[in-house]
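*Asks:* Take this structure first; my questions come after.
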Amino acid sequence: MIPHSRLREIARKFVILPEVAPAAVVATGWPGPAGFEFAHGAAFKDESRGSDEQAYFDLASLTKPFMAATVARLVQQGRLNFDTRLRDLLPEAAGSATGASSIELLLAHRAGLEAHRTLFAPLLGGLPFDRAAAIREAVHGRRPECAAPPPAGGHPPVYSDLGFALVGLAVERLEQLPLDQLVDREVCAPLGLPVGSARILRARDGGFIARCMPTETVPFRGGQVHGIVHDENAWALSGHGLSGHAGLFGTAAGVARFGAALLDAKRGRSAWLEPKSLAPLLEERPGGTLRAGFDGKSADQSSAGTLIGERSFGHLGFTGTSFWCDPDADRVLVLLTNRVCPTRNNPRIRAARPAINDALYDFRP
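Encoded structure:
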């Protein structure tokens with residue numbers, strides 16, 4: 528679809544001119560006579576760029592909703608249960624409080640894990656990376672107040688990459704398949720999405736590197752990170768493959784169509800995912816807006832903006848990405864940027880996100 532000039536202007540007005548990021552693509556979708564239709568807008572500092580709507584971005588933590596949807600598909604097929612304990616899939620977790628946590632609590636950030644551990648630390652000193660040791664560190668990366676196994680509803684929520692990394696490892700073991708191939712099998716291929724790990728996209732799309740937006744300049748990684756996952760833990764654990772918390776790349780159209788598929792599933796108009804399989808992921812939970820693989824709209828100063836409905840769900844990505852789904856209005860809003868280029872020390876995205884989402888919500892073709 529040809530990018531709409533008004534959508535281009537949204538990207539330019541709220542991202543490019545205020546120097547939020549060097550590149551941005553936005554998309555919005557709404558019900559049409561043949562189902563969802565999407566328009567894409569793009570703006571780049573280099574106006575000579577072509578096919579802007581086909582640009583790939585490092586999706587960062589937008590990987591988490593894809594991971595959660597993969598789990599839901601496995602549950603739907605009877606391959607897994609949401610209440611399966613991590614220790615039953617990942618032997619490294621045996622005998623630990625984390626191992627007693629269910630897959631659902633890990634997805635919902637309620638397993639008692641810390642927000643982050645620098646698993647890649649050896650690489651900073653030029654030392655070899657011990658993957659087995661890193662997995663053990665993730666398993667035991669618990670908050671002091673959460674030393675015991677989680678209660679039925681889980682510990683108070685703290686957003687944690689560690690839990691998703693462990694879920695990714697667990698389902699790899701279950702299916703005996705690399706995680707990027709598993710997510711492709713269960714989500715991206717059935718929905719026809721231009722989304723995948725660097726490994727898959729490098730093999731599948733000869734133009735991937737040329738159309739992939741660069742991220743940060745990182746000296747210990749040899750300079751500018753381009754066509755390689757930005758998240759250091761994901762890079763250390765999975766290289767060009769995929770970790771449960773980060774590693775996917777995609778276009779705005781791919782993310783928008785994923786959002787549409789989720790709304791279709793919620794409404795019971797999908798052969799891909801049943802409403803009962805999706806429901807545990809979108810369930811509102813006490814203690815905050817975090818769901819299981821998704822976030823909800825916060826009551827005040829939400830990054831989703833002021834116009835999108837209160838029952839909306841979506842996710843943010845550290846590299847400057849986000850998507851939101853409004854089940855009441857059947858709307859999908861997508862923002863993809865590389866705000867970490869050339870440095871992550873750029874907080875302008877915080878003010879830009881709600882303004883962009885309001886502009887996208889107001890957009891009509």
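All residue numbers for the sequence shown refer to the working numbering, where the first residue is 528 and numbers rise by one.
Beta carbons are placed, not taken as given, at the ideal position from N, Cα and C, and that holds for glycine.
(1) Could you pull the start and end residues of the beta strand (DSSP E) that Phe565 belongs to?
(2) How long is the line joining the alpha carbons of Gly836 and Phe656, rounded to whole angstroms?
(3) Report all residues from its chain with a CB closer than 7 Å to the CB of Arg539; omit the five preceding and five following residues, and keep chain order.
(4) Could you tell me the alpha carbon to alpha carbon distance between Leu704 and Glu564, rounded to whole angstroms?
(5) Buried or exposed for Phe776, going by 16 or more other Cβ atoms inside 10 Å?
(6) Just confirm the distance between the C-beta atoms of Leu650 and Phe747, as a whole number of angstroms; I'd bet it's less than 8 Å.
(7) Which residues bound the beta strand (DSSP E) around Leu843?
(8) Going by CA-CA distance only, name the one from Gly562, Val752, Arg712, Ala599 that's closest to Asn865.
(9) Which residues mark the beginning and the end of the alpha helix (DSSP H) in which Trp762 is found?
(10) Going by beta carbon distance, what residues of the same chain come within less than 7 Å of Gly814, once the five residues before and after it are set aside?
(11) Does Gln581 come out as helix, strand or coil in the three-state DSSP assignment?
(12) Determine which residues share a DSSP beta bridge with Gln751 and list them.
(13) In this structure, what does DSSP give as the bridge partners for Phe776?
(14) Please tell me whether Ile736 and Gly754 are closer than 7 Å, where the distance is taken between their beta carbons.
(15) Does the beta-carbon of Ser687 have 16 or more other beta-carbons within 10 angstroms, so that it is buried, or is it exposed?
(16) Cβ atoms of Thr778 and Thr846: under 7 Å apart, would you say?
(17) Drop a sphere of 10 angstroms on the beta-carbon of Thr833, count the other beta-carbons inside from all chains shown, and report buried for 16 or more, exposed for fewer.
(18) What number of angstroms, rounded off, separates the C-alpha of Glu631 from the C-alpha of Pro592?
(19) My guess is that Leu764 and Ala661 are in contact by the Cβ rule of under 8 Å, so how many angstroms apart are they, rounded?
(20) Hey, quick one: how far does the beta strand (DSSP E) through Ser849 stretch, first residue to last?
(21) Does DSSP classify Val685 as helix, strand or coil?
(22) Taking one C-beta from the stretch 618 to 628 and one from the stretch 810 to 828 each time, how about it: are there three or more such pairs within less than 8 Å?
(23) Under 7 Å between the Cβ atoms of Ala582 and Arg738?
(24) Between Ala783 and the rest of its own chain, which residues show a CB-CB distance below 6 Å, the 5 nearest in sequence each way excluded?
(25) Which same chain residues end up closer than 6 Å to Ser825 when comparing Cβ atoms and leaving out the 5 residues on each side of it in sequence?
(26) Ala730: which of Asp707, Val745, Gly749, Leu718 sits nearest, CA to CA?
(27) Runs of 4 residues minimum, wholly inside the stretch 644 to 695: which ones carry the alpha helix (DSSP H) assignment?
(28) Please report the Cβ distance between Glu546 and Arg875, rounded to the nearest whole angstrom; I am assuming they are in contact, meaning their Cβ atoms lie under 8 Å.
*Replies:* Looking at the atomic coordinates:
(1) 562 to 571
(2) 45 Å
(3) Ala570
(4) 34 Å
(5) buried
(6) 7 Å
(7) 840 to 844
(8) Val752
(9) 759 to 765
(10) Pro683, Pro684
(11) helix
(12) Thr744
(13) Asp585, Gly723
(14) yes
(15) buried
(16) no
(17) exposed
(18) 13 Å
(19) 6 Å
(20) 848 to 853
(21) coil
(22) no
(23) yes
(24) Ala554, Gly556, Phe565, Val859, Val861
(25) Thr816
(26) Asp707
(27) 648 to 651, 658 to 666
(28) 7 Å
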